[in-house]
Amino acid sequence: MNLASHPVVASLTPVFLLIAAGFLAGRRQWIRESAVRDLSNLVFLLLIPALLFRTMSGVHVQALDLRPVLAYFPAALLLLGLSIAWRGFNRTSVVLALGGVFSNMVMIGITLVELAYGKAALVTLLTLVSVHALILLTVGSVVLELVVAREARQGGERAPHVLETAWSAFKGALIHPIPLPILSGLLYAQTGWGLPAAIDKPLQLLGSAFGPIALVLVGVTLARTPLRGQLAPALGITLSKNLVLPLLVGISAWAWGITGLPLTVMVVAAALPIGANVFLFAQRYEVAQELTTAAMGVSTALALFTLSAVMLMMTYLN
Numbered sequence: 160m161n162l163a164s165h166p167v168v169a170s171l172t173p174v175f176l177l178i179a180a181g182f183l184a185g186r187r188q189w190i191r192e193s194a195v196r197d198l199s200n201l202v203f204l205l206l207i208p209a210l211l212f213r214t215m216s217g218v219h220v221q222a223l224d225l226r227p228v229l230a231y232f233p234a235a236l237l238l239l240g241l242s243i244a245w246r247g248f249n250r251t252s253v254v255l256a257l258g259g260v261f262s263n264m265v266m267i268g269i270t271l272v273e274l275a276y277g278k279a280a281l282v283t284l285l286t287l288v289s290v291h292a293l294i295l296l297t298v299g300s301v302v303l304e305l306v307v308a309r310e311a312r313q314g315g316e317r318a319p320h321v322l323e324t325a326w327s328a329f330k331g332a333l334i335h336p337i338p339l340p341i342l343s344g345l346l347y348a349q350t351g352w353g354l355p356a357a358i359d360k361p362l363q364l365l366g367s368a369f370g371p372i373a374l375v376l377v378g379v380t381l382a383r384t385p386l387r388g389q390l391a392p393a394l395g396i397t398l399s400k401n402l403v404l405p406l407l408v409g410i411s412a413w414a415w416g417i418t419g420l421p422l423t424v425m426v427v428a429a430a431l432p433i434g435a436n437v438f439l440f441a442q443r444y445e446v447a448q449e450l451t452t453a454a455m456g457v458s459t460a461l462a463l464f465t466l467s468a469v470m471l472m473m474t475y476l477n
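Quick note: the sequence shown uses the working numbering, first residue 160, plus one each step.
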């Protein structure tokens, strides 16, 4: 088998070519700042819900394997806790620690996993996606609010109760364009009705448009990512996200006895570059915005090499 026809290369090449096309479009100003916001809304509010609902509408709960969820998130939360402890209990530390564990499972992961491993693998990935933001962003929100509360007490101000913060974060993560269509599709699947062709076809077409548009948007975002003065710390966060997390997830999956395709999807999901939600946290809490953006760019660029290595390794291990 020559290199160009290797499954890993064959699946990664179109993903990174589309990102490169977006990068070129961003550099040449073919897609402007205002258009990026509108295209992002199109992807998250229309295209991705259509794809997620259609995919999960044919999956029965009894066929779902929940072990990947039970193995993935303790590993991610362990790394999150260790990263915060290492950097110190402050806003910047928590945001950067989130960058080291939060994968871009939607914009990059869905297209890549389907290309590389097919529809069966997509079910495993979407099982992770359904609670990925719910778990990590809720925990991140609570920890950040605890930091803010401590700062408020030190300044003599009143801080919101931690349970109020937790409930607000939970609602925000659940009522969201990603977990909501997954859960809705699963509930619909249990009726056994199937999707009528008149509804299924438009959903299929919308879902098909998601992959290329999402990846081009990743490239456009990269073209606007400043790296000056941020490269060294960004590399540290990238090391955590692209290499340490997949190692810990792989060990956790092995401890749970997970093998084959689910193991591969878990490790590849963990090896994906940093997701955009981390920047929203940096923006909201007004810390490390330039470093977070730089880390996302470095993580995505280096994923061409780190993700290739992880996928090749999983090919030979399974």
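Even for Gly, the Cβ is constructed at its ideal location relative to N, Cα and C.
Taken atom to atom, the span from the alpha-carbon of Leu-238 to that of Ile-358 is near 42 Å. Taking a 10 Å sphere around the C-beta of Lys-360, we find fewer than 16 other C-beta atoms and assign the residue as exposed.
Residue pairing from DSSP places Ile-433 in a beta bridge opposite Ser-262.
The three-state reading of DSSP puts Gly-240 in helix, counting H, G and I together.
With a beta-carbon spacing of about 5 Å, Tyr-444 and Arg-250 fall inside the 8 Å limit used to define contacts. In this model, Leu-463 and Trp-352 are separated by some 41 Å (Cα to Cα). When the alpha-carbon of Phe-232 is set against those of Gly-409, Met-472, Ser-467, the nearest one is in Gly-409. Cβ contact annotation for Ala-430 (same chain, cutoff 7 Å, sequence separation greater than five): Asn-401, Pro-405, Thr-465, Leu-466, Val-469, in chain order.
Less than 9 Å divides the Cβ of Leu-211 from the Cβ of Ile-337. It is roughly 32 Å from the alpha-carbon of Ala-308 to the alpha-carbon of Arg-196. Pro-355 sits in coil when the DSSP states are folded into three classes, being neither helix nor strand.
Check the Cα spacing between Leu-255 and each of Leu-394, Thr-459, Ser-411, Trp-413: the tightest is with Leu-394. Around the Cβ of Ala-391, a 10 Å sphere holds fewer than 16 other Cβ atoms; the residue is exposed.
Assigned with DSSP and collapsed to three states, Asp-224 falls in coil, not helix or strand. Boundaries of the alpha helix (DSSP H) around Glu-449: 448-476. Each of Gly-388, Thr-297, Gly-299, Ile-243 was checked against the Cα of Thr-452, and the nearest Cα belongs to Gly-388. Spanning the alpha carbons of Lys-278 and Ile-294 requires a straight line of approximately 24 Å. Bounds of the alpha helix (DSSP H) holding Tyr-347 are 338-348. In this structure, Met-264 places its C-beta atom within 9 Å of the C-beta atom of Ala-428.
If you draw a straight line from the Cα of Ala-348 to the Cα of Ser-199, it is about 28 Å long.
With fewer than 16 neighbouring CB atoms inside 10 Å of its own CB, Asn-477 falls in the exposed class. Exclusion of the five residues before and after Ala-275 leaves Ser-170 as the residues of its chain whose Cβ lies within less than 6 Å of its Cβ. Counting only the Cα atoms, Leu-241 lies some 22 Å from Trp-415. Exclusion of the five residues before and after Leu-407 leaves Ala-234, Leu-237, Leu-238 as the residues of its chain whose Cβ lies within less than 7 Å of its Cβ.
Each residue's CA atom was taken as its position, placing Phe-182 and Leu-386 some 15 Å apart. Distance check between Leu-346 and each of Leu-376, Ser-193, Ala-179, Val-218 places Val-218 closest, using alpha-carbon atoms only.
Taken through DSSP and simplified to helix, strand or coil, Val-218 comes out as coil. Where Trp-189 is concerned, there is no enclosing alpha helix (DSSP H), because DSSP gives it neither an H nor an E.
Rounded to whole angstroms, Ile-417 and Trp-189 show a C-alpha spacing of 45 Å. Contact check for Val-403 against Pro-227 fails: the beta carbons are separated by 9 Å or more. The beta carbon of Ile-178 is closer than 6 Å to those of Leu-374, Val-377, Gly-378 in its chain, skipping five residues each way along the sequence.
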